[in-house]
Every structure is written in C-alpha cells, then in structure tokens.
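The next block holds one structure in the form of structure tokens; read it before the comments.
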Amino acid sequence: MRGVARVVRHPRLPVWPAWQGLALLALSQFEATRPLADRLEARFGGRVCPMQFDPVECDPFVLLVHHRHAFRAFDFFRPIFSALILPEGFPAHPHRGFETVTYVLPGKGGLVHRDSLGCKMSYSNGACQWMTAGRGMLHEEMWDTASASEHELYQLWVNLPPAAKMTQPAVQLLTPPTEDDTTTSNVQVEGRTAVRRARIRTDVIHSDHGNVVVRTLAGDAGGEAAADSETTHRFDGSSTDTGASTFSPMTIAHIELQDLGATHKVPIPDGWTCIIYVRYGEVEIEGTLAKMYDTVYMQRYGGSAVVSNTNKGGSDVMIFAGQPIGAPVAASGTMVMNTQAQVSQALQDYQRGTFGEPWDHTLSDDDWVKWCDSRPI
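Last residue of the sequence shown: number 377 in UniProt numbering, and the count goes up by one each step with no gaps.
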C-alpha cells in the first residue's frame, strides 16, 4: 500500500464573515483551543484555506482552496465589508492554461457563474463545475446568497498538458444522482459553448467495518463493494454519463467514513500523485494519523491508498490522485503555462482583450449578455 510522505496543516485565513474568522484565528494560536476553533469553523464558517502545491511533487495539481463561509441576514458588519473591502465573491478575472474544479459540499450553498463566452450557471448542494480555461477566458464567481446562507466548497486547479494549453474553453456541470437540474444547479444561459452535463457517481458501501459513501467526480475511487460488503448505487436513471471528461488520467473523490473503523481503499496506479485532505474527523493512513484540516501528501509509489476512520463521529476526506504530466510549470496569478515567455504572452493577450473584457459584477444579466456579445472572444 501507498505510504505517507508528510502531513501539513496549511494556514486558514479569515473572511466571510471576516470578524468571525478573526476570532477563530485567535483561538487557533493555541494548541489547546485549536480543535475548538476547527469545530466552530465547520459549524459557523468564516475561514478559507488556500494550499499552493509544489509543481513537481503534486503534478498535475496546482492549487487547492477549501472555503467555509456564511452570509447571514443578521450580520450587521456584512454590508459594510462588502461595500468597502471585498464583494461577496470573485468579480470577472482571467484564466489560461489550466482547469478549475469547483465542488460544493452536499447541503451547502454554492456560486453563480458568468463568463466571457456568455454562459451563466448556478450550482450548489453537491454539484461540481469543471471549467477548462484553455486558451483563455474570463469568469465571475459570486456567492449564491439568495438561495443559501451557509456555503462550503473546494476549488482545485488542475494543470493541462502542453498540447492542451490552448484548447477551446469549455464548461462541464456535474450533479448528484438525485439532483433535479431545475432546482439548485442549472444552466440559465449556455452562451457560445455547449455545457457538458453529467452525474456524480455516488456509492454507499455497507460492510462489517462500517458504512462508507463515495462520491466520484472523476476516475475510479473504488466504489465497487469488497467481498464482505454490499454496494448501493444511487442513480436516478436520467443519465448514463457519469464523471468529468479529463485531459489526463486522474481520480477525484469525496469519501465519508461514517462509522468508527470504517475503511476504504482507493485504487491508484503506481507513480501517480496522491493528496488526501481531511475535512472532518480523524483518519489513519498506513499507520499515520491525520486530523481535521490536515493535508496528507502521499508517496508517489506503492499503489492503492487505504483510509480508516478513527473518530467516533465519522470522518470526511477528499482524495486527489492523478498521473503526473511531467512538464515544466510557469505561473503568474491566474495564468498557468509551461514557460515564462508563455505567461508573458498570456498577460499581453489579456491586456489586448483576447479573453474578453472584465465587466462589473453588479451588471444585470441583460447588460452582461450585451457586454459579452459586443466583445466576442
């Protein structure tokens, strides 16, 4: 089995609501009160954890961000913060050379997306948007505060192989098997790109060791039952197309270990990168304990990764595994290329309007469509 290379707890930063995050930051300064701060964050929100990955060790993954925020009507600081410091989301910004994978946790609020191709979609409650920036595009991601107050999601940046860096921009929308596409996750305007729709494979595995729920966004996360267990597939029959279409082989999955001692093995080819993030609880991986909000960097060799729950209340992890691309990485801000010259060219193209031109996030949908139509990319 694959061993652990190192375990890291990355810094967690205060935002949305910032005042609440600052209180959590103060609690986190002391070893004795850090677990309390973590539990309060999980319950009430207020922090974000950006994890910048080493381009060689973590190839093909570039960045992972865990967001846990709350936008409550009775928060009197909220309008002041959004008006003077930071809007509630991420206004139009450029990307080139990679993909963003944004997965919203089940039961949580998500984002409203608009891009320079004229596509608008909303997604939340267990849905995933897989956006290929390719040769370049702008997009806006604003928190969907109209439909929910509690928000939690991951955003992963996945590098593209050199031959695919300048591919046509595209968007995929993955929804849970029980999700009605007309409710919490839907495409309002397709614009100049055809949105690929697929389902997130969800397996419930029952065994003598405890129950495990596996939600697979891409690849194979070992959802089939072992000899001593039974698997229930949660499909509603509306789609046979499951998981994201990817440019390089990878497995991305959300795994819930619901009972003490519950164990799951994820098949990972030898030589692949593997990163495990513990969202909740405590797990054991090849003799190493990983606690809540730890990031586990696995060894490159050794095959499958086995995760066991050691917490009475259950544990919740994300697994990111992928075949290394093996190409050099040069990045600046939101551009991820192979050479510095390519990065410079991307920045010049953005300044020339090749990706489209940024719009104000307060524009109505009608005005935004007119803006995009007058500035085609």
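Think of the CB as a built atom: it goes at the ideal place given N, C-alpha and C, for glycine as much as any other residue.
* Asked: Quick one: is Pro328 buried, meaning 16 or more other Cβ sit within 10 Å of its Cβ, or exposed?
  -> exposed
* To do: Would you check if the segment 264–273 and the segment 189–196 touch, i.e. whether three or more CB-CB distances between them fall below 8 Å?
  => By the criterion of at least three beta-carbon pairs nearer than 8 Å, the segment 189–196 is not in contact with the segment 264–273.
* Which of the three DSSP states, helix, strand or coil, is assigned to Val296? -> strand
* Asked: Below 8 Å, can you find three or more Cβ-Cβ pairs linking the segment 72–81 to the segment 337–348?
  -> no
* Asked: Just the Cα atoms here: how many angstroms apart are Arg199 and Arg12?
  -> Annotation: Arg199 to Arg12 spans about 31 Å, alpha carbon to alpha carbon.
* **Distance, Phe247 Cα to residue 391 Cα** => No answer is possible for residue 391: the residues shown for the chain start at 1 and end at 377.
* To do: Can you grab the Cα-Cα spacing for the pair Thr362 / Asp373, in whole Å?
  => 18 Å
* **Assumed close pair Glu88, Trp143 - CB separation to whole angstroms, cut-off 8 Å** => Rounded to the nearest angstrom, the Cβ distance from Glu88 to Trp143 is 5 Å, consistent with a contact under 8 Å.
* In three-state terms, what does DSSP make of Leu27? -> The answer is helix: DSSP assigns Leu27 an H, G or I state.
* Leu174, DSSP secondary structure in three states -> strand
* To do: Just grab the DSSP bridge partners of Tyr123 for me.
  => Leu111
* Asked: With which residues is Glu256 paired in a DSSP beta bridge?
  -> Secondary-structure assignment with DSSP links Glu256 through a beta bridge to Val213, Asp316.
* **Cβ separation of Gln155 and Thr102, assumed to be a contact under 8 Å, to the nearest whole Å** => 5 Å
* To do: Could I get the ranges of all uninterrupted beta strand (DSSP E) runs contained in the segment 32–79, with 3 residues as the minimum, in chain order?
  => 47–52, 61–70
* May I have the straight-line CA-CA distance separating Arg375 from Glu357, to the nearest angstrom? => So the alpha carbons of these two residues sit roughly 7 Å apart.
* Any idea if Gln172 is buried or exposed, counting beta-carbon neighbours within 10 angstroms, 16 or more meaning buried? -> Per the 10 Å Cβ criterion, buried.
* Pick from His10, Leu27, Asp203: whose alpha carbon is nearest that of Gly222? -> Asp203
* Three-state class that DSSP yields for Ser374 in the structure shown -> coil
* Taking the C-alpha atoms as reference points, what is the distance between Ala133 and Val189? -> 18 Å
* **Paired residues, beta bridge with Lys291 - DSSP** => Beta-bridge analysis with DSSP links Lys291 to Glu282.
* Asked: Going by other Cβ atoms of all chains shown within 10 Å of its Cβ, with 16 needed for buried, is Ile85 buried or exposed?
  -> With fewer than 16 other Cβ atoms within 10 Å, it is exposed.
* Backbone CA spacing between Ala83 and Met250 [nearest angstrom] -> Their backbone Cα atoms lie some 40 Å apart in a straight line.
* Cα-Cα separation, Ser238 to Gly210 -> With a pLDDT of 44 at Ser238, under the threshold of 50, the modelled position of that residue is not reliable, and the figure given next carries that caveat. If I take the Cα positions, the gap works out to 30 Å.
* **Cβ-Cβ separation, Glu152 to Lys108 (assumed contact under 8 Å), whole Å** => 4 Å
* Asked: How big is the Cα-Cα spacing for Pro177 and Leu217?
  -> Their Cα atoms are separated by approximately 12 Å.
* Asked: Looking only at its own chain, which residues have a Cβ that is under 6 Å from the Cβ of Leu22, when we skip the five neighbours before and after it?
  -> Pro14, listed in sequence order.
* **Coil, strand or helix - Tyr103 by DSSP** => strand
* Asked: In this structure, does DSSP put Phe81 in helix, strand or coil?
  -> Three-state result, Phe81: helix.
* What do you get for Leu36, buried or exposed, if any count of 16 or more other CB atoms within 10 angstroms of its CB means buried? -> exposed
* Answer yes if the segment 290–297 comes into contact with the segment 110–128, meaning at least three C-beta pairs across the two stretches below 8 Å, and no otherwise. => no
* To do: List the residues that DSSP assigns as beta-bridge partners of Leu309.
  => Going by the sequence as given, residue 309 is Asn instead of Leu. Beta-bridge pairing links Asn309 to Val283.
* **Val336 in three-state terms, based on DSSP** => strand
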